Amino acid sequence: MNSAPHARSGVAGGMLSAARLLGQTLGAAGVAILFRRLRPRRLNFALCLAALLALAGAVVSLVRLTSRRRRGRHD
C-alpha cells in the first residue's frame with residue numbers, strides 16, 4: 000500500500016481486499032471438500048496438522064514482528 004501512488008491508494012486497497020476474499024473463499028471451499036472426503040480418523044489427523052501449521056505461522060509472524068521492533072529501536 001505504501002508503494003502505490005496516493006491517487007491510486009483506493010484501487011490498491013480494493014485489490015488487496017479482493018485478493019484476501021478470494022483466498023478466504025478458496026480456503027473455505029478446500030476445507031469443505033476435505034471434510035466431505037476424509038474419514039473421521041484421517042480428519043482428526045488433518046485438523047491436528049492444520050493446527051500445527053497455524054501455530055508455526057503464528058510463531059513466524061511473531062518472530063518477524065519482534066525483529067522489526069528491534070531494528071526500529073537501533074536505527
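Mapping the sequence shown onto numbering that gives the first Met the number 0, position 41 (from 1) lands on 40, and the numbers just tick up by one.
Backbone N, C-alpha and C fix where the C-beta goes; we use that ideal spot for every residue, glycine too.
Note that the structure is predicted; figures quoted are calculated from it, not measured.
For residue i, three-class secondary structure by DSSP
| i | result |
| --- | --- |
| Asn1 | coil |
| Arg63 | helix |
| Asp74 | Unreliable positioning characterises Asp74 in this predicted model, as indicated by a pLDDT of 46, which lies under 50. A coordinate reading is not provided. |
| Leu20 | helix |
| Arg68 | helix |
Buried or exposed (CB count within 10 angstroms, at least 16 for buried), residue i
| i | result |
| --- | --- |
| Ala31 | exposed |
Beta-carbon spacing of residue i, residue j below 7 Å
| i | j | result |
| --- | --- | --- |
| Ala11 | Ala3 | yes |
Residue from the options whose Cα sits closest to the Cα of residue i
| i | options | result |
| --- | --- | --- |
| Phe34 | Ala49, Leu20, Val59 | Ala49 |
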